[in-house]
Every structure is written in C-alpha cells, then in structure tokens.
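Working notes, structure below.
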Amino acid sequence: LLHHLTELAFFSLSMSRVYPKTPSSSSSSPSSYITSKPESFTIWMKSLVFNTRGCTVYNSKGEIVYRVDNYDNKCGQEVYLMDIRGKVLYSLLQKKFSLFGCWDGYKWDDCSSEKQLWFRVRKNRSISVSLCDGCTYQIVRMDGKLGFKIVDEDEEGAMVAEIKQKQTDTGINFGED
Numbered sequence: 127l128l129h130h131l132t133e134l135a136f137f138s139l140s141m142s143r144v145y146p147k148t149p150s151s152s153s154s155s156p157s158s159y160i161t162s163k164p165e166s167f168t169i170w171m172k173s174l175v176f177n178t179r180g181c182t183v184y185n186s187k188g189e190i191v192y193r194v195d196n197y198d199n200k201c202g203q204e205v206y207l208m209d210i211r212g213k214v215l216y217s218l219l220q221k222k223f224s225l226f227g228c229w230d231g232y233k234w235d236d237c238s239s240e241k242q243l244w245f246r247v248r249k250n251r252s253i254s255v256s257l258c259d260g261c262t263y264q265i266v267r268m269d270g271k272l273g274f275k276i277v278d279e280d281e282e283g284a285m286v287a288e289i290k291q292k293q294t295d296t297g298i299n300f301g302e303d
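Quick note, the numbering used here runs 126 ahead of the 1-based positions in the sequence shown.
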C-alpha cells in the first residue's frame, strides 16, 4: 500500500540535497505550511519510527514536514499521513473487494479525531482521483521517464503536480530511495 501511496503522492522530487533539522515553530502546524507557490518535496523511504514501514517527507529547506506510516502492519490496508508531531492529518484506506483497485482518502477532524471521506482513487485502465467537492484528477505516466504527472480533468488536462525520481544537477538518478 505504501508503494501505491508514493505513486499517488502529489510531490515533485527535485531537491538537490536534504539536511534534516528541527522544524521551526512556524512550520510545525500543517495549516501554517500551506503556500500558493510551487513546492518541491523529497520522499525518503525510511520511517522515523524504529523498524516500521513508512517514509519521511522533507521540504526544500530540508525540514521534515510529513511522516507516512502503517506501523509495520504488513497486510494492513491503511496508511497514515501525519505531521512531524505524529498527529494524523489524512489516511488512505485500500478497499479489499475492488476488482481493479480502489482507495479512499480520509481527512481527520482536529476536534473529534474522526475521519471524513475526502477523495476516492479508482484504477481501471488509468488512475483517477475524485475529490468530494466534485473535482477530478488523472494520474498519467510520463513518456520515456520514471515518473507521473497529475492533471486536472476539469481544466482540460492542466498539469497540477509532477512526481519524478530525484536527480543530481548533472542528471544522474539517486537510485531506488
């Protein structure tokens, strides 16, 4: 399920270096991190929790902004996207009895610690993401590259995000991580 989550992540992996440090108080809450500018993230396929199956997300300043984990539940159908303090922001639940693949994304409520359906991902011939507010996105494999782009179906295919393998400035790939 984590593999599918990284395929569906809305992150561009184009940083040249990562240097983790303690996040400042201004970036510690998820709502203060929202920006209208394009942002690049690096997904490190290692968990911050010892011996679990997760990943860590860094911003372009090298600060940890998100954690993704399923707490070493090998057959688990749910993963959690958390802030740096471990507060669950979103979860992705794989539906077991779907023929082609279906995942539901939930947004967690701050006050009651309950989750609310936020989006649904379906995979037929292609992967389609439908938000509960009616917006629909398509995840498209990039030609000749190990990467994907996310396009807005309502805006005539306008690209909203790109997912690609991290490279050095000279174009050398950084491997599987």
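Where a beta carbon is used, it is the ideal one built from N, C-alpha and C, also for glycine.
#### Entry: alpha helix (DSSP H) runs contained entirely in the region 223-291, provided each spans 4 or more residues
none
### Message
Distance cutoff 8 Å, beta carbons only. Does Trp-244 sit that close to anything in chain C?
### Response
Looking at the structure shown, chain C is missing, and only one protein chain is on hand.
### Message
Taking the beta strand (DSSP E) that Glu-165 belongs to, which residues open and close that run?
### Response
First-last for Glu-165: undefined, no H or E at that position.
#### Entry: Straight-line gap, Ala-287 to Lys-275 (C-alpha atoms, nearest Å)
6 Å
### Secondary structure of Ser-153, DSSP reduced to three states
Reliability fails at Ser-153, whose pLDDT of 42 lies under 50, so the model's placement of it is uncertain and the value that follows must be treated cautiously. Reduced to three states, the DSSP call for Ser-153 is helix.
### For Tyr-184, the residue or residues it bridges with in DSSP
Thr-168 and Ile-190
### Query
Is the distance from the Cβ of Asp-209 to the Cβ of Tyr-197 below 8 Å?
no
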